[in-house]
Amino acid sequence: MKVLVLGATGLLGREVMQVLKDRGIRALGAARSGADLQIDITNQMALFRLLVRVDCDAVINAAACVDVGACELDPEAAYRINGAPAAVLAAWSQQTDGRYIQVSTDNYFMGDLPEKHDESALVSLTNAYAASKFSGECLAREAKNSLIVRTNICGAQKGFGRWVIDSLKTRAPMGVFTDYFTSTMHAHHCAETLADLLVSDATGLINVGSCEVSSKARFIRAVAQELETKADWLEERSVASLKPVRARSCGLDVSRVEDLLGRPMPTLKETVRILVAEDNRCATPTTSNLATAV
Ligand SMILES: NC(=O)c1ccc[n+]([C@@H]2O[C@H](COP(=O)([O-])OP(=O)(O)OC[C@H]3O[C@@H](n4cnc5c(N)ncnc54)[C@H](OP(=O)(O)O)[C@@H]3O)[C@@H](O)[C@H]2O)c1
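Adding 7 to a residue's 1-based position in the sequence shown gives its number in my numbering.
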């Protein structure tokens, strides 16, 4: 099996590349720079030509703009990265019967409770990021061999996970949200699950995340515990004041994926354990970027 991974240099894409290689699956990575293949997926003709040239059996699309603020400032650019390429990928999948996994988000659910939303839950498009990702889902659905994966990930390389570890280690001032709930899982666990789903016959929409819904505050306190840091300086806050507006009840019901794969999704404890273990292995310091935290 030959798999094309779009967004191969990202937080999730890197893990997907590694997991596929570990499983002896031939994986070709693509991004605008730093990957096996160079592509700007906003150029639809270039994406189409790449698909023809690579002649793969499957595509995992983990390329995205995950900067919620940047998406809000330029919704059209957000759509061209997070939405429109799915039309090309779906057409390719439909024509070749190639397997197509579209990675999506959990940023769809309002409310302020740690609820678990299943795949049939009603979505709210509260910001341009959510709208662009949802349009990608709708376009991807057109292919009968596609699977749309809603998830929320962290890792020690960048984004929310990096920010949490850096801030806890340096005892930096931290505002922690008590009313923003997610089923965050580590990118490596997500990549393992994507690799399992790749060879399954699941189609449509599926949630992939931790089996536990936790607030950002609880998640951060769990990381502190794993780092053996007494987090007594954290300042509890509400996400309600954050702009652009976030969907904040983003918990995912992962029953479908658990039933399908016959194994439980990771707990909060397992997630923070692998996050801290990854940080311990990190050879070079990386920059944190709060803007990509969701
Ligand atoms: N990170 C999170 O907290 C989070 C939460 C929920 C869902 N997700 C979803 O998970 C998936 C992966 O996110 P991630 O965190 O791994 O993102 P990331 O770390 O920002 O990586 C994005 C990847 O996409 C590539 N990319 C961006 N623009 C591109 C373009 N125009 N053409 C080609 N490649 C492009 C980037 O490489 P270049 O910039 O070099 O092109 C990079 O490889 C996305 O679908 C995202 O919506 C992420």
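Glycine included, each C-beta is placed from N, C-alpha and C at the ideal position.
Predicted, not measured: the structure shown is a model, and the values here were computed from it.
Could you tell me whether any non-hydrogen atom of ligand 1 is closer than 7 Å to the CB of K140?
Mapped onto the sequence shown, residue 140 falls at position 133. K140 Cβ: within cutoff of ligand 1.
On the criterion of 16 or more Cβ atoms from any shown chain inside 10 Å, does R169 qualify as buried, or is it exposed?
Position 162 of the sequence shown, counted from the first residue, corresponds to residue 169. R169 is buried by the Cβ-count criterion.
State the Cα-Cα distance for the pair R288 and Q102, rounded to the nearest angstrom.
Here residue 288 refers to the residue found at position 281 when the sequence shown is read from its first residue. Here residue 102 refers to the residue found at position 95 when the sequence shown is read from its first residue. Rounded to the nearest angstrom, the two C-alpha atoms are 43 Å apart.
Give the C-beta separation of V10 and I32 to the nearest angstrom, bearing in mind that I take them to be a contact with Cβ-Cβ under 8 Å.
Numbered from 1 along the sequence shown, position 3 holds the residue referred to as residue 10. Numbered from 1 along the sequence shown, position 25 holds the residue referred to as residue 32. The pair is a contact, with the Cβ atoms about 6 Å apart (cut-off 8 Å).
Of the residues D62, S174, E242, P121, which one's Cα is nearest the Cα of S217?
Here residue 217 corresponds to residue number 210 of the sequence shown, with the count starting at 1. For S217, the nearest C-alpha among the options comes from P121.
Could you tell me whether any non-hydrogen atom of ligand 1 is closer than 7 Å to the CB of S111?
Taking the first residue of the sequence shown as 1, we reach residue 111 at position 104. Answer for S111: yes, Cβ within range of ligand 1.
Which value, in whole angstroms, describes the spacing of the CA atoms of L96 and S248?
Numbered from its first residue, the sequence shown carries residue 96 at position 89. Numbered from its first residue, the sequence shown carries residue 248 at position 241. Using only the alpha carbons, I get a separation of about 37 Å.
So is the beta-carbon of R39 under 7 Å away from any non-hydrogen atom of ligand 1?
Translated into the one-based positions of the sequence shown, residue 39 becomes position 32. Within the cutoff, so yes.
Could you tell me the boundaries of the beta strand (DSSP E) in which G211 lies?
Within the sequence shown, numbered from 1, the residue matching residue 211 stands at position 204. Element bounds for G211: 211-215.
Would you list, in sequence order, the uninterrupted beta strand (DSSP E) runs of no fewer than 3 residues that lie entirely inside the segment 64-142?
65-68, 106-112
So what does DSSP say about V252, is it helix, strand or coil?
For the purposes of this step, residue 252 is taken as the residue at position 245 of the sequence shown. Looking at V252 - three-state DSSP - the assignment turns out to be coil, as it is neither helix nor strand.
Taking the beta carbon of C7 as the centre, do at least 16 other beta carbons fall within 10 Å, making it buried, or is it exposed?
Residue coverage of the chain in this structure runs from 8 to 301, which leaves residue 7 outside it and unanswerable.
Check whether the Cβ of I160 lies closer than 7 Å to any heavy atom of ligand 1, and answer yes or no.
In the sequence shown, counting from the first residue as 1, residue 160 sits at position 153. Yes, Cβ of I160 sits closer than 7 Å to a heavy atom of ligand 1.
Just curious, the alpha helix (DSSP H) that R225 is in, first and last residue?
Locating residue 225 in the sequence shown gives position 218, where the first residue counts as 1. Unbroken alpha helix (DSSP H) run through R225: 223-233.
Would a C-beta distance cut-off of 8 Å place M117 and I160 closer than the cut-off?
Taking the first residue of the sequence shown as 1, we reach residue 117 at position 110. Taking the first residue of the sequence shown as 1, we reach residue 160 at position 153. Not a contact, by the Cβ cut-off of 8 Å.
Taking the alpha carbon of R255 as the reference point, which residue from G17, R87, D74, A137 has its own alpha carbon closest?
If you number the sequence shown from 1, residue 255 lands on position 248. Nearest of G17, R87, D74, A137 to R255, Cα basis: A137.
Considering only heavy atoms of ligand 1, does any lie closer than 7 Å to the CB of K165?
Here residue 165 corresponds to residue number 158 of the sequence shown, with the count starting at 1. Checking the Cβ of K165 against ligand 1 gives yes.
According to DSSP, simplified to helix, strand and coil, what is Q51?
Within the sequence shown, the letter at position 44 stands for residue 51. Note: Q51 maps to helix in three-state DSSP.
Who are the Cβ neighbours of E219 in its own chain at under 8 Å, not counting the five residues just before and after it?
Position 212 of the sequence shown holds residue 219. Hits under 8 Å: S190, T274, L275.
Euclidean distance between Cα positions of Q51 and P92
As a position in the sequence shown, residue 51 is number 44, starting the count at 1. As a position in the sequence shown, residue 92 is number 85, starting the count at 1. Distance between the alpha carbons of Q51 and P92: 7 Å.
Closest to V30 by C-alpha separation, out of V264, R280, L201, L282, would be which residue?
The sequence position of residue 30 within the sequence shown is 23, counting from 1. The amino acid at residue 30 is misidentified as Val; the sequence shows Arg. Minimum Cα distance to R30 is reached at L201.
Could you name each continuous beta strand (DSSP E) segment of 3 residues or more that falls completely within the segment 135-186, going from the start of the chain to the end?
153-158, 182-184
Which word fits K237, buried or exposed, when buried means at least 16 other C-beta atoms lie within 10 angstroms of its C-beta?
Here residue 237 refers to the residue found at position 230 of the sequence shown. Exposed, since its Cβ has fewer than 16 Cβ neighbours within 10 Å.
Nearer than 7 Å: is that true of the beta carbon of C72 relative to any heavy atom of ligand 1?
In the sequence shown, the residue the question calls residue 72 occupies position 65. Under cutoff, so the answer is yes.
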